[in-house]
Amino acid sequence: MGGIMSTVTYSVPNINCGHCVHTITTELKELAGVQEVKASAETKSVEVRFEAPATSAAIEALLAEIHYPVAK
Ligand SMILES: [Cu+2]
Numbered sequence: 380m381g382g383i384m385s386t387v388t389y390s391v392p393n394i395n396c397g398h399c400v401h402t403i404t405t406e407l408k409e410l411a412g413v414q415e416v417k418a419s420a421e422t423k424s425v426e427v428r429f430e431a432p433a434t435s436a437a438i439e440a441l442l443a444e445i446h447y448p449v450a451k
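Throughout the sequence shown, residue numbering follows the working numbering, covering 380 to 451 in sequence.
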């Protein structure tokens with residue numbers, strides 16, 4: 380291991396409750412390379428710490444797929 384670790388915070392307006400937080404956390408952690416997920420219903424954001432093979436594009440695609448698209 381020892382790849383470059385990135386931390387990116389995504390704005391996700393659809394996060395409304397603990398269920399959303401749980402779903403997002405569970406799904407993102409299944410993506411290879413994702414190390415840590417901090418989702419918040421208060422700030423409607425998701426902070427993800429990841430390394431290869433995960434990419435920011437793959438994380439955004441997964442969020443869109445589970446109906447939590449990232450706001451641009
Ligand atoms: Cu919810």
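Even glycine gets a Cβ: it sits at the ideal position worked out from N, Cα and C.
(request) Have a look at L410, N395 and V400 and flag the residue whose alpha-carbon is nearest the alpha-carbon of H433. (result) Here residue 433 turns out to be Ala, not His, going by the sequence shown. The shortest Cα separation from A433 among L410, N395 and V400 belongs to L410.
(message) Let me check you understand the geometry: is the CB of E398 closer than 7 Å to at least one non-hydrogen atom of ligand 1?
(response) Glu is not the amino acid found at residue 398; the sequence shown has His there. Yes, the beta carbon of H398 sits closer than 7 Å to at least one heavy atom of ligand 1.
(message) Could you compute how far the alpha carbon of A437 sits from the alpha carbon of G382?
(response) 17 Å
(request) Would you tell me roughly how many angstroms separate the C-alpha atoms of C396 and T422, rounded to the nearest one? (result) 11 Å
(message) Let me make sure I understand the geometry here. Which of E406, Y447 and G412 has the alpha-carbon closest to that of S385?
(response) G412
(request) For V391, collect the residues of the same chain with a Cβ closer than 8 Å to its Cβ; drop the 5 residues on either side in sequence, then sort them by chain order. (result) I403, A418, K423, S424, V425, L442, Y447, P448, V449 and A450
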